[in-house]
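Notes to accompany the following structure.
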Amino acid sequence: MRPYGGGFWDATTPGLGPAHLACRCLLLESEAGLVLVDTGFGLDDAAQPVPRLSRGFYLADRPHLEADETAVSRLRHMGLDPREVRHIVMTHLDFDHAGGLTDFPEATVHVSAREIEAARRRDTPRERGRYRPMQLAHPMRGYDRTGEPWFGLPALRGLEGLPPSIFLVELPGHTAGHCGVAIDTGNGWVLHAGDTIFMYSELEQPPRMPPLASAYANFMQVDRAARLESRRRLMALARDHAEEVTIICTHDPYLPEEAGRRVIG
40 MRPYGGGFWD ATTPGLGPAH LACRCLLLES EAGLVLVDTG FGLDDAAQPV
90 PRLSRGFYLA DRPHLEADET AVSRLRHMGL DPREVRHIVM THLDFDHAGG
140 LTDFPEATVH VSAREIEAAR RRDTPRERGR YRPMQLAHPM RGYDRTGEPW
190 FGLPALRGLE GLPPSIFLVE LPGHTAGHCG VAIDTGNGWV LHAGDTIFMY
240 SELEQPPRMP PLASAYANFM QVDRAARLES RRRLMALARD HAEEVTIICT
290 HDPYLPEEAG RRVIG
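Residue numbers (our numbering): 40 to 304.
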């Protein structure tokens, strides 16, 4: 996404021109086939941004919508058949995470039950902007039964058809049913934390965040206390288990090993 405001969004871009923000997905190879974590924007979003996206969010966030940059196109560029994506695990259902669902009609979609309920209600203008019915027509399987905690965090395990090494971790606040997705790689854990944090500097003590990114996170949150508690738990995870868990998030343009090069004033 390319919102105006430069470094006030991404702490890197000089001036007030377009910032550079990611919409990061993961592709996993598993015993259950290919698995996507989130989908980013999709082909239909690129072809017809409005009304698939809220006009207000489209104008404010300025997503860079190119068909070649969608998840389904990147899979084809890698020589993979998108029909082999058997499962999609969603951190949440915001428009910049769920737009590509319609590109994978044969995949089973897994998400927290609370998130499905919120996306169906759409009972405020913000919710009607963030949850877009044209993106969310795909059938979904919702989960609400908490299993064994993961590093002290509540976990929704037993995703149907997926190995036990992939599951949801409850991190609410940004949305009602927002989750991280934990993956046991066999060589340590990866947690896709979605929008629990906007960038990795939030995991520092004290957390740091560019002002426009902070304002956007505050605007989009549905429960401030829950969002800050989820962030606090993520900070503790990063502090106490850095050797065991790699945390990634959606919008930081850097990957964790690169983010330390950036300076936030």
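Even for Gly, the Cβ is constructed at its ideal location relative to N, Cα and C. Model, not experiment: these values are computed from the prediction.
* Asked: Cα separation between residue 177 and residue 47?
  -> 36 angstroms
* Alpha-carbon to alpha-carbon, residue 254 and residue 201 -> 37 angstroms
* Check whether the Cβ atoms of residue 213 and residue 234 lie closer than 8 angstroms to each other. => In this structure, residue 234 lies closer than 8 angstroms to residue 213 by Cβ.
* Starting from residue 221, trace the beta strand (DSSP E) both ways and give me its first and last residue. => 218-223 is the extent of the beta strand (DSSP E) around residue 221.
* To do: Please report the Cβ distance between residue 140 and residue 78, rounded to the nearest whole angstrom; I am assuming they are in contact, meaning their Cβ atoms lie under 8 angstroms.
  => 6 angstroms
* Cut-off 8 angstroms between Cβ atoms - residues of its own chain near residue 112, not counting five sequence neighbours on either side -> Listed in chain order, the non-local C-beta contacts of residue 112 below 8 angstroms within the same chain comprise 82, 106, local neighbours out to five positions each way being set aside.
* To do: Could you check what DSSP says for residue 182 in three-state terms: helix, strand or coil?
  => Of the three classes helix, strand and coil, the one that applies to residue 182 here is strand, per DSSP.
* **Length of the line joining the Cα atoms of residue 152 and residue 288** => 22 angstroms
* Asked: Of all the beta strand (DSSP E) runs that stay within the bounds of the segment 120-177, which reach a length of 3 or more residues?
  -> 124-128, 147-151
* **residue 92, DSSP secondary structure in three states** => coil
* **Chain-order list of residues whose beta-carbon lies under 6 angstroms from that of residue 92 (same chain, five-residue window excluded)** => 134
* **Cβ-based burial, residue 58 [other Cβ within 10 Å; buried from 16]** => buried
* Asked: Closer than 7 angstroms: is that where the CB of residue 219 sits relative to any heavy atom of the ligand HEM?
  -> The ligand HEM is not among the ligands present in this structure, which contains no ligands whatsoever.
* Which residues share a DSSP beta bridge with residue 209? -> In the DSSP output, where bridge partners are listed per residue, residue 209 has 218.
* Return helix, strand or coil for residue 52, following the three-state DSSP convention. => Per DSSP, reduced to three states, the secondary structure at residue 52 is coil, with no helix or strand assignment.
* Asked: Do residue 147 and residue 116 have their CB atoms nearer than 8 angstroms?
  -> Going by beta carbons, residue 147 and residue 116 fall outside the 8 angstroms limit.
* Taking buried to mean at least 16 other C-beta atoms within 10 Å of its own C-beta, is residue 244 buried or exposed? -> exposed
* Asked: Using 8 angstroms as the threshold, is the segment 261-275 in touch with the segment 63-76, meaning 3 or more CB pairs across them?
  -> A contact is defined here as three or more CB-CB pairs under 8 angstroms, and the segment 261-275 fails this definition with respect to the segment 63-76.
* Going by the CB atoms, is the gap between residue 138 and residue 190 shorter than 8 angstroms? -> no
* Leaving out five residues on either side along the sequence, give the residues of the same chain with a beta carbon under 6 angstroms from the beta carbon of residue 41. => These residues qualify, in order along the chain: 57, 101, 103.
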